[in-house]
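The structure appears below as C-alpha cells.
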Amino acid sequence: MCGLIIRFVRADDSAALLRIYAGYIDTPVTFECALPSDRAFAERIAAISAEYPYLVCEEEGAVVGYAYAHRQRDREAYQWNAELSVYLDPAYTRQGLGGRLYRILLDMLRLQGIRTVYAGVTVPNPASERLHESMGFVRLGTYHSTGYKAGGWHDVAWFEKAIAPYTANPEPPLPISQIDREQLEEIIRRHTQ
1017 MCGLIIRFVR
1027 ADDSAALLRI
1037 YAGYIDTPVT
1047 FECALPSDRA
1057 FAERIAAISA
1067 EYPYLVCEEE
1077 GAVVGYAYAH
1087 RQRDREAYQW
1097 NAELSVYLDP
1107 AYTRQGLGGR
1117 LYRILLDMLR
1127 LQGIRTVYAG
1137 VTVPNPASER
1147 LHESMGFVRL
1157 GTYHSTGYKA
1167 GGWHDVAWFE
1177 KAIAPYTANP
1187 EPPLPISQID
1197 REQLEEIIRR
1207 HTQ
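Just so we're aligned: the sequence shown equals residues 1017 to 1209 in the working numbering.
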C-alpha cells in the first residue's frame, strides 16, 4: 500500500465513489436499498463535506476507498457527536486501510471539537467488528432484526468511542472548512508515511 494517496474529496469524485458504494447496495452492509443517482450522491457528498471530513483513497489515480464522518443525530444537544462510515474496493479490504482512514478522521474530528464517535455495523461482520474493537470502540449493544434487506432481517451493532474530554460549556464544533488546512494536511501526512 505504499502508492496510496489519501486526500479530501473533490466534486469530481462522485462517480468513482458511487462505483465503490454500488458494490454494497445488494448487501446488508448498507440499509440503502437502491443506488442513488450520481447527482443525488454528489449532493450528499457536498452536504457532508461542508461540515465534516470526507476522505478519498486512491492508487495510481484510481479511487479505491473512502471514509467520512457525518452528524450522528439532528437535535442540537447531539452536535458534539459524529458517526463514521468507510467503504473500500473489495481488493483493498483487510489491509489496514479502513483503520488508517479512521485514524485520520478521528484526529480531524478532535480539531473540530467532536467528543464522541459512533459506528453502526450490520452483524455478523467479523472484519468490521474487529476494526472497531481494535480502534478502541466499545460495543454499546445491538438493534435486533432492525432492517430487512437481501432476503432477511438483520441486526445492527452500535459502537462508540470517546475522543475528547467532556468539558462544561463546550464551544460548538467547527465545520471542517474552518479548521486550518495545513493542520488537516499534516494529519493526513502523519498517517500515510
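Each residue gets a CB set at the ideal place from its N, CA and C atoms; glycine is no exception.
Going by C-alpha to C-alpha distance, which of the options sits closest to residue i?
i: VAL1102; options: GLN1095, ILE1179, ALA1083 and GLN1111; result: ALA1083
i: PHE1024; options: LEU1200, HIS1207 and ARG1206; result: LEU1200
i: ILE1192; options: ASP1029, PRO1181, ASN1185 and ILE1130; result: ILE1130
i: ILE1120; options: PRO1140, ASN1141, TYR1094 and MET1151; result: MET1151
i: ARG1060; options: TYR1182, THR1043 and ALA1027; result: ALA1027
i: PRO1044; options: ASP1196, ALA1166 and ARG1197; result: ALA1166
i: ARG1206; options: PRO1186, GLU1187, LEU1122 and GLY1163; result: LEU1122
i: GLU1187; options: ARG1126, PHE1057, GLY1019 and ALA1085; result: ARG1126
i: LEU1100; options: ALA1107, PHE1153, PRO1140 and GLY1112; result: PHE1153
i: GLY1019; options: ILE1036, TYR1108, GLU1202 and PHE1057; result: TYR1108
i: ARG1197; options: ILE1041, MET1124, GLY1112 and TYR1118; result: MET1124
i: GLY1112; options: THR1183, ILE1041, PRO1140 and ARG1146; result: ARG1146
What are the boundary residues of the beta strand (DSSP E) that includes residue i?
i: ALA1135; result: 1132-1139
i: THR1162; result: 1154-1165
i: GLY1081; result: 1078-1087
i: LEU1104; result: 1097-1104
i: ALA1178; result: 1168-1178
Taking 8 angstroms as the cut-off, decide whether the C-beta atoms of residue i and residue j are in contact.
i: LEU1034; j: VAL1079; result: no
i: ARG1110; j: ALA1143; result: yes
i: VAL1133; j: ILE1179; result: yes
i: ASP1105; j: GLY1077; result: no
i: ILE1021; j: GLU1092; result: no
i: GLN1095; j: PRO1189; result: yes
i: ALA1085; j: PRO1069; result: yes
i: GLY1157; j: PHE1047; result: no
i: GLN1088; j: ILE1195; result: no
Measuring only from the beta carbon, is residue i closer than 7 angstroms to any heavy atom that is part of the ligand NAP?
i: THR1138; result: Among the components of this structure there are no ligands whatsoever, and the ligand NAP is therefore not found.
Exposed or buried, what is residue i when buried is set at 16 or more other beta-carbons lying within 10 Å of its beta-carbon?
i: THR1138; result: buried
i: SER1053; result: exposed
i: SER1030; result: buried
i: ALA1098; result: buried
i: ARG1116; result: buried
i: GLY1039; result: exposed
i: GLY1266; result: Outside the displayed range of the chain (1017 to 1209) lies residue 1266, so it cannot be described from this structure.
What is the residue span of the alpha helix (DSSP H) that residue i lies within?
i: TYR1068; result: No alpha helix (DSSP H) contains TYR1068, which DSSP labels as neither H nor E.
i: ILE1022; result: Counting along the chain, ILE1022 falls outside any alpha helix (DSSP H), though it belongs to the beta strand (DSSP E) covering 1020-1024.
i: ASP1123; result: 1113-1128
i: ALA1184; result: Unbroken run through ALA1184: none, as it is neither H nor E.
i: ALA1038; result: 1030-1041
i: LEU1200; result: 1197-1208
i: LEU1051; result: Unbroken run through LEU1051: none, as it is neither H nor E.
i: SER1144; result: 1142-1150
Under 7 angstroms Cβ to Cβ from residue i, same chain only, skipping five residues before and after it: list those, please.
i: PRO1155; result: The sequence shown places Arg at residue 1155, not Pro. Cβ neighbours of ARG1155 beyond the five flanking positions: ALA1173 and PHE1175.
i: HIS1148; result: ALA1135, VAL1137 and PHE1175
Which same chain residues, not among the five before or five after residue i, have their C-beta less than 6 angstroms away from its C-beta?
i: TYR1228; result: The structure shown has nothing for residue 1228, since the chain only spans 1017 to 1209.
i: TRP1169; result: SER1161
i: SER1065; result: VAL1025
i: ILE1036; result: TYR1103 and ASP1105
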